[in-house]
Amino acid sequence: TFNTVSCAWEVSGTQTLNNIEVSQCNMRAGTYEVTCYNNSNATMTTNGGYIHDMGNNQWKITDIPTGTALIINMDFGDSCYSTFRIDSPICPCEVKVYNLFSPNGDGINDHFEIECIENYPNNTLEVYSRHGLLVYKKQGYLNEWNGESMGRMTVDSGRTVPTGTYYYILDLGNGSKPIVGWLYVNQ
């Protein structure tokens with residue numbers, strides 16, 4: 006059973022283990038807590054505060070893909086091992102669109118940024134002028150738009166769009182409803 010109190014940056018849950026052979030192991034049956042942070046790391050502790058220890062270091066699981074099941078094989082030597090499964094519905098970070106950027110080449114806020122867009126590789130971003138003309142379109146967008154026009158406005162292709170309000174449609178490519186909104190390009 007997983008309990009998500011605040012899914013923005015931290016997810017906690019428990020996994021109950023039964024029928025574990027314990028013969029002279031540092032492991033015992035019980036409830037194990039898995040704490041995952043947004044950087045996809047996890048530490049495991051049991052009820053009662055017991056921490057899995059591999060040598061002198063706290064045991065960590067790293068590089069956990071979002072929403073996957075982990076099969077944990079623990080081998081403590083001397084024929085002492087255990088295998089268990091953790092179904093890990095870790096909340097993906099939420100997409101956040103920053104609606105102001107200034108593509109003036111100063112290295113600060115020069116690109117249209119969408120937080121967590123890398124978690125949606127099948128996304129499509131379309132940006133339109135206030136007149137409804139498509140000025141930018143990209144499949145697999147990864148925060149690279151620097152305000153350059155695709156040549157469908159009064160601005161030639163490769164030139165930066167004028168200061169003003171534009172409208173975007175972001176399809177995450179996962180079957181969810183597209184995200185629509187506005188953005189302001191400030192030169």
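With positions in the sequence shown counted from 1, the corresponding number in the numbering used here is that position plus 5. Glycine included, each C-beta is placed from N, C-alpha and C at the ideal position.
Within its own chain, the residues whose Cβ lies closer than 6 Å to the Cβ of Phe106, once the five positions on either side in sequence are excluded, are Asn114 and Phe117, listed in chain order. Beta-bridge pairing by DSSP links Val185 to Ile174. Each of Glu153, Asn127 and Thr129 was checked against the Cα of Gly110, and the nearest Cα belongs to Glu153.
With contacts defined by Cβ atoms closer than 8 Å, Lys101 and Glu120 form a contacting pair. Rounded to whole angstroms, the Cβ separation of Arg135 and Gly169 is 7 Å, and the two are in contact under 8 Å. In the assembly as shown, Asn179 is an exposed residue. Its beta-carbon has fewer than 16 other beta-carbons within 10 Å.
If you draw a straight line from the Cα of Tyr133 to the Cα of Asp176, it comes to about 14 Å. A distance of 8 Å or more separates the beta carbons of Tyr141 and Asn128. Counting only the Cα atoms, Ile122 lies some 8 Å from Asn148.
Under the DSSP assignment, Thr129 falls in the beta strand (DSSP E) whose first and last residues are Thr129 to Tyr133. Scanning its chain for C-beta atoms nearer than 6 Å, with the 5 sequence neighbours on each side dropped, one finds around Gln144 the residues Thr129, in chain order. Annotation: Leu188 to Ile174 spans about 11 Å, alpha carbon to alpha carbon. In the DSSP annotation of this structure, the continuous segment of the beta strand (DSSP E) that includes Tyr141 starts and ends at Leu139 to Gln144. Short of 7 Å from the beta carbon of Pro183, and not among the five residues preceding or following it, lie these beta carbons of its own chain, in chain order: Ile174, Leu175 and Asp176. One Cα belongs to Asn191, the other to Tyr125, and the distance between them is close to 27 Å.
Around Leu139, the same chain offers Glu131, Val132, Tyr133, Met155 and Arg157 as residues with beta carbons nearer than 8 Å, after the five sequence neighbours per side are excluded.
The three-state secondary structure of Glu123, taken from DSSP, is helix.
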